[in-house]
Ligand code: SF4
Ligand code: SF4
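Numbering (the working numbering), first residue to last: 12 to 318.
#1: Mark residue 23 as exposed unless 16 or more other C-beta atoms lie within 10 angstroms of its C-beta, in which case mark it buried.
#2: Are residue 133 and residue 182 close, meaning C-beta to C-beta below 8 Å?
#3: Might you give, ordered along the chain, the residues of its own chain that have their beta carbon closer than 8 Å to the beta carbon of residue 153, omitting 5 neighbours on each side?
#4: Looking at the unbroken alpha helix (DSSP H) that takes in residue 86, where does it start and where does it end?
#5: Taking Cβ to Cβ, would you say residue 48 is nearer than 8 Å to residue 71?
#6: Quick one: any contact between the stretch 35-54 and the stretch 64-81, if contact means 3 or more CB pairs under 8 Å?
#7: For residue 292 versus residue 250, is the C-beta distance shorter than 8 Å?
#8: For residue 299, count neighbouring Cβ atoms within 10 angstroms of its own Cβ and tell me buried if that reaches 16, exposed if not.
#9: Hey, residue 122 and residue 139: beta-carbon distance below 8 Å or not?
#10: Are the stretch 261-274 and the stretch 171-181 touching by the rule of at least three beta carbon pairs closer than 8 Å?
#11: Heavy atom of ligand 2 less than 7 Å from the Cβ of residue 199, yes or no?
#12: Measure how close the beta-carbons of residue 205 and residue 218 come, nearest whole angstrom, since I'm counting them as under 8 Å.
#13: Between the stretch 101-110 and the stretch 268-276, are three or more C-beta pairs nearer than 8 Å?
#14: Give the DSSP bridge partners of residue 181, in chain order.
#15: Locate the alpha helix (DSSP H) running through residue 293, then write down its first and last residues.
#16: If you follow the alpha helix (DSSP H) that residue 232 is in, where does it begin and where does it stop?
Below is the structure:
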């Protein structure tokens with residue numbers, strides 16, 4: 012079987028498993044990305060996410076992370092849900108966190124795909140990743156032709172938008188590599204204009220992560236600085252603004268994975284109910300959810316800050 016046929020079969024299998032995009036790129040040192048990451052870290056745009064500064068060499072070269080790696084398989088998994096919380100005044104949760112923890116859901120599919128690859132193509136070694144190790148996921152997805160990195164710093168596909176998770180299999184199998192896509196942001200500045208904390212740089216493509224509401228509500232373990240008091244846009248976990256305003260998301264289609272269907276309470280709770288949320292209710296609503304990451308105290312801190 013030649014490299015072309017092998018790559019087509021892998022893509023076909025990935026789509027069968029529910030991934031809605033799959034592309035391939037050659038594993039190796041990422042020179043431009045390494046320079047950009049270095050500047051980002053030097054500006055301290057990672058805030059308290061000290062893990063971003065760890066394993067710099069491995070982060071910019073998957074052959075150090077997975078010895079013998081030849082290829083990166085980039086995969087995308089849809090999480091778009093057109094439903095919104097009923098009370099428009101209620102504190103908001105980013106769409107990616109509506110259902111079960113994607114790390115588990117997507118990893119399960121990745122493991123199935125990788126097992127199938129080993130079964131089909133023989134002795135292949137590698138590792139699967141879903142936001143789980145020092146891997147520059149967006150940059151690999153861009154290299155694998157899944158989309159371009161927009162001014163909002165997210166990966167965007169012209170037919171699918173940006174509401175999807177990224178995952179990778181890094182392996183020692185040679186594949187047919189895809190070409191990167193051109194940038195279709197054009198003169199649009201919607202995301203830069205709409206970001207309430209000015210986290211996106213004036214020209215786009217670069218973000219001060221320490222100003223992003225996702226960081227402030229999820230990663231930041233200390234108190235949210237007072238300077239953000241009126242800039243949180245009512246988000247209590249994550250933020251979707253720079254995706255909501257992106258014209259390419261008019262092409263987003265609803266996911267079909269029952270794991271990502273939100274609990275009814277999550278959608279129907281009112282502003283007042285969120286304000287008084289108790290720990291047992293938090294545990295019930297967010298059982299198996301990525302929101303558990305903040306624990307009860309973290310989410311309560313965010314709600315109290317907003318309300
Ligand atoms: S997620 Fe929200 S806060 Fe972060 S860059 Fe986008 S609009 Fe700004
Ligand atoms: S909102 Fe406009 S500028 Fe921002 S990522 Fe989308 S297309 Fe690009």
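Just so it is clear, CB atoms sit at the ideal spot from N, CA and C, and this is done for glycine as well.
Because the structure is a prediction, the values reported are computed rather than measured.
Quick answer:
#1: exposed
#2: no
#3: 159, 160, 166, 191 and 192
#4: Taken as a continuous stretch (DSSP letters only), residue 86 belongs to no alpha helix (DSSP H), being part of the beta strand (DSSP E) at 82-89.
#5: yes
#6: yes
#7: no
#8: exposed
#9: yes
#10: yes
#11: yes
#12: Not really, about 14 Å apart at Cβ, beyond 8 Å.
#13: yes
#14: 83 and 138
#15: 290-296
#16: Segment: none, residue 232 is in no alpha helix (DSSP H) and carries neither H nor E.
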